[in-house]
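First up is the structure itself, then whatever we jot down about it.
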């Protein structure tokens, strides 16, 4: 997959294995629903990361054989994912408000 940058240059986009990266999302021309499906997918990914972190924390609290460092990394991933989702939401709301102010 490649992205057309300014000046017509084409740069490859690396394939991503992390569920939080943009590489795992489909482009609008590949999905049937477009923007709505992409947003639902991203929200579901964030929820999945948060559920995983919650499960690992509860396992640690109940005395399971969980590694503290892995639990902390999982909690931080969930926090970063949530913060990213909130920033995207803020940008979408801001763009909507800008469009709403336009006069046609």
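In the numbering used here, the protein residues as written are 357 to 460.
C-beta: ideal position from N, C-alpha, C; glycine also.
Classify residue i as helix, strand or coil using the three-state DSSP reduction.
i: residue 421; result: coil
i: residue 462; result: Residue coverage of the chain in this structure runs from 357 to 460, which leaves residue 462 outside it and unanswerable.
i: residue 453; result: helix
i: residue 459; result: coil
i: residue 443; result: helix
Just confirm the distance between the C-beta atoms of residue i and residue j, as a whole number of angstroms; I'd bet it's less than 8 Å.
i: residue 438; j: residue 394; result: Actually they are not in contact, since the Cβ atoms of residue 438 and residue 394 sit about 18 Å apart, beyond 8 Å.
i: residue 416; j: residue 427; result: 5 Å
i: residue 399; j: residue 442; result: The pair is not a contact, with the Cβ atoms about 11 Å apart (cut-off 8 Å).
Applying the 10 Å Cβ sphere with the 16-neighbour rule, what's the burial state of residue i?
i: residue 430; result: buried
Does the stretch 403-414 come into contact with the stretch 432-448, if we say contact requires no fewer than three beta-carbon pairs (one atom in each stretch) closer than 8 Å? Yes, since at least three Cβ pairs between the stretch 403-414 and the stretch 432-448 fall closer than 8 Å, the two stretches touch.
Measuring CB atoms only, is the stretch 418-427 touching the stretch 453-460, in the sense that at least three cross pairs come out at less than 8 Å? Contact between the stretch 418-427 and the stretch 453-460 is absent, because fewer than three Cβ pairs lie under 8 Å.
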